[in-house]
Structure formats: structure tokens, C-alpha cells
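Notes to accompany the following structure.
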Amino acid sequence: MAAISRLDVLRLRNLSEVHIAPAESINILFGDNGSGKTSLLEAIHLLGLGRSFRSQKLEPLIQDGLEDCVVFGELQDGVSIGLSKTRKQGGHVLKLLGERQRSWVDAARHLPVQILNSESFSLLEGSPKVRRRFLDWGVFHVEHEFVNNWRKAAKCIAHRNLLLKERSLDRKQLQAWDVELVRLARQLDESRRSYFTLFHPLFQETLRKLIELPNLTISYSRGWDDSKSLEEVFSESLARDIKYGVTQNGPHRADLIVRVGRLGAEEVLSRGQQKLLVSAMKVAQGHLLSQVNGVRGVYLVDDLPSELDFANRRRVCELLVGLECQVFLTCVDQAELENCWSSALLPRKFHVEHGKISQ
Ligand SMILES: Nc1ncnc2c1ncn2[C@@H]1O[C@H](COP(=O)(O)OP(=O)(O)OP(=O)(O)O)[C@@H](O)[C@H]1O
Ligand SMILES: [Mg+2]
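Take the sequence shown: its position 30, counting from 1, is numbered 29 in numbering that gives the first Met the number 0, and each next residue is one higher.
Printed below as a string of C-alpha cells:
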């Protein structure tokens, strides 16, 4: 269980000093616009993924006029994760159980975080990178070798691209990188494919609970022609690769293709339908994670009520409860999420007011 039992946030956006003890199931944060609800979700996201979902930059995260921000979380299983960021160059310290970490990998495994917000639509309408990140989040959590293979492949691709850009191509070197890249690509493809095979039925089952979309299909695309080996593809596309100075095919081009009939889902579905579809994708990942690893993630749901009518709001809430995960939901008016829960469940409510949070 990855539930956060204690959370401290200092000097992050308008949250000067917040100490809360969240419930292990449903937590609702309500408060006026600009009160600090999304900032709290951002703090949890930072702990689990090392980055914000709002901004790539560090500057806006730290409270105006101050030098650093700190987020500290204690998990139910006794694990603690602490993070501080300062404005000074490279000023970033991550600690897991008090020990300084050089990479995010171990902390991320303890705290799998999923976010559902207005940017989640980019899962349908955004570039393949967004869907690849979604898919790889899942593969990362169920297969431990994946991240190393992915890093090695990224290095090969970077070297290959440098060679492609040189005035005279060093074919021998290129071939050496290709051999390694082909080997790694095969492994990455296998990992992603096996993950997708597990994900697909869970996704369909989850989606059915939310909405009837009989013509909806989702498929995995590995990043190069299915009927050819990557060696063949590399040799066929060499002239184009040289022209653009970039490797056009490979595991870095993998994607998930979501369609309704022959059209892209984002072209056909309404905003509300898209929100339900994206929710089903993210919830299905949570089910898979707990089935395979016995780990339950933490779900951050920013502004669930927008775009959803009451019946659908309730359906999504039921799904979230069914996950048996820790969930943080935000809304402006707490009435928006009232009656969305069975009577046996009492969400823990937090009132957010000018950067102060009270239970
Ligand atoms: N670096 C910063 N320093 C201080 N305040 C900041 C900083 N960055 C953002 N803020 C302010 O923090 C406040 C909280 O923003 P946040 O997005 O968390 O609000 P919210 O409760 O989610 O509002 P909404 O309901 O509109 O989504 C805003 O008033 C914002 O202007
Ligand atoms: Mg907000």
C-alpha cells in the first residue's frame, strides 16, 4: 500500500506551511479558486515523479520571494520520501528513508502516482510522447529491468543521431550502435507488448462500467513497421534518417492508437466522453498495478466535476473507490462531490483557504 499517512508541504506556491494526515482512501480538498488545491496535488506529484504536472520550470514552484520549497511524505508502510528544491543551480535533494538518492527510480517505485486533470485530455489529442509516457509508467512499475533498457536505448539513439548529423557518415560506428539498439528495441517492445496484453482486457472492463463505446479500439504500435525487422527498417530509411539527422523509427516512436471506428477518439468524442475514456485508461493501470505487484497507487484527481454530469461523476467515484487506492480529489464547492459515495464511505474533507488547509 502506497498511501500517504502524513504530508508536509513548505513554501510551495501559496502553501507556506501545510501539515495534513490524509485518509488511506478518499480525500476531498475543497476551496475557492486560487486557494491552493492544485498546488497540494502538485506537491504529491513531485514526491512520486520528481516533476510537476504544471510546469517544467522550478521557478514558479517555489513561493515568491523565498529560496526553497520542501515536500515530505510518510507512507503507511513506514517509508518516507523527502524532497527539497532551491533556486540555486542544481539545488535539488531527494531522500528516501533519510538516504540521499541519485535517481528517482526507487522513490517512484514506492509511490506510484497517477493524475487525472484537464491536461489528461492530451492522452488522446496530444503527441505520441504523452501516450508513450502513460504506457511506460505502467511498464516501469511492473517490470524492473525496463527503465535500464530504456536508458540504454535512449543513449544509443542519441549517439546514432549525432552520427547521422556528421558530414561524412561513419558507417562502421553506425552499425555498432544499430546492433545494440536493435537488441534493446526488441526487449522494450516485448515489455511493452506484454504489459499491453494485460492492460487491454482490464481497460475494456473498466470502460464498460463508465460508458458504452462499442466502436472504440485501442492498440499498441511498437514504433516501426510491424512486418519488418528493425534492421531492415534502419537500412531502408537510412537516406531519410541522414536527411533529417534523426532516427525516424524505433522504440522511441512507440504509441497507443485510440480510435472510434476509423477516426481518432479525440475527433469524435465529446469532452465528457473523453474524460470518461481517459479515466478508464488511468484506472485500468491502477488495477493492473495492484494485480501484478500488489501495489496500490495514489490517484490525484483535479476538478473531477468539470465536464461530467452527476451520474458520470458518481460512476468515476465508484471506480476510484473500487481501486482501493488513496485518492485526492479537488473541487470548489464540496456539494459537487456530495452523494457520489456509498453511505458506508466517509471521505476525509479538507478545506483549503488562502494556502492554509484544515481538516
Ligand atoms: N510561486 C508562487 N508563489 C506564491 N504564490 C503562487 C506561486 N505560484 C502560484 N501561486 C498562487 O497560488 C495560488 C494557488 O493556486 P492553485 O492553482 O493551487 O489554486 P486552486 O485552489 O487549485 O484554484 P482553482 O480552483 O482555480 O483551480 C494561486 O493564487 C496562485 O496565484
Ligand atoms: Mg486548481
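Cβ atoms here follow ideal geometry from the backbone N, Cα and C, with glycine treated the same way.
Secondary structure of V178, DSSP reduced to three states: Residue state for V178 is assigned as helix, using DSSP reduced to three classes.
Supposed contact pair G35 and G354 - C-beta distance, whole angstroms, cut 8 angstroms: With a Cβ gap of about 5 angstroms, G354 and G35 count as contacting.
Exposed unless 16 or more other CB atoms sit within 10 angstroms - verdict on F309: Residue burial is scored here from C-beta neighbours: F309 has fewer than 16 other C-beta atoms within 10 angstroms and is therefore classed as exposed.
Below-7 angstroms beta-carbon distance, L187 vs any chain C residue: The question asks about chain C, but that chain is absent: this structure has only one protein chain.
Backbone secondary structure at L14 - three-state DSSP: Reduced to three states, the DSSP call for L14 is strand.
Other residues of its chain near D254: CB distance less than 6 angstroms, five sequence neighbours each side excluded: Correct list, in chain order: P127, R130, S220.
At least three beta-carbon pairs within less than 8 angstroms, the region 105 to 120 to the region 39 to 53: As far as the Cβ criterion goes, the region 105 to 120 touches the region 39 to 53, which means the pair count is three or higher.
At least 3 beta-carbon pairs within less than 8 angstroms: the region 80 to 90 vs the region 61 to 71: Yes, the region 80 to 90 touches the region 61 to 71.
Best match in S24, S38, G90 for proximity to E66 [C-alpha to C-alpha]: Ranking S24, S38, G90 by Cα distance to E66 puts G90 first.
Proximity winner among R312, G30, G296, T246, relative to Q397 (alpha-carbon distances): Because the chain spans 0 through 358 in this model, residue 397 falls outside it and cannot be assessed.
Three-pair Cβ contact test at 8 angstroms for the region 154 to 171 versus the region 287 to 300: No, the region 154 to 171 does not touch the region 287 to 300.
Check: T205 C-beta below 6 angstroms from any heavy atom of ligand 1: Not so, every heavy atom of ligand 1 lies at least 6 angstroms from the Cβ.
Which of helix, strand or coil DSSP assigns to D188: In this structure, DSSP gives D188 a helical state, which the three-state scheme calls helix.
Check: K355 C-beta below 6 angstroms from any heavy atom of ligand 1: No, the beta carbon of K355 sits no closer than 6 angstroms to any heavy atom of ligand 1.
Residue(s) in a DSSP beta bridge with R99: K94, per the DSSP bridge assignment.
Any non-hydrogen atom of ligand 2 within 6 angstroms of K274 CB: Not one heavy atom of ligand 2 sits closer than 6 angstroms to the Cβ of K274.
Distance, R53 Cα to R270 Cα: Approximately 21 angstroms, taken between the alpha carbons.
K360 beta carbon near ligand 2 (any heavy atom closer than 6 angstroms): The displayed coordinates of the chain run from 0 to 358. Any statement about residue 360 would go beyond what the structure contains.
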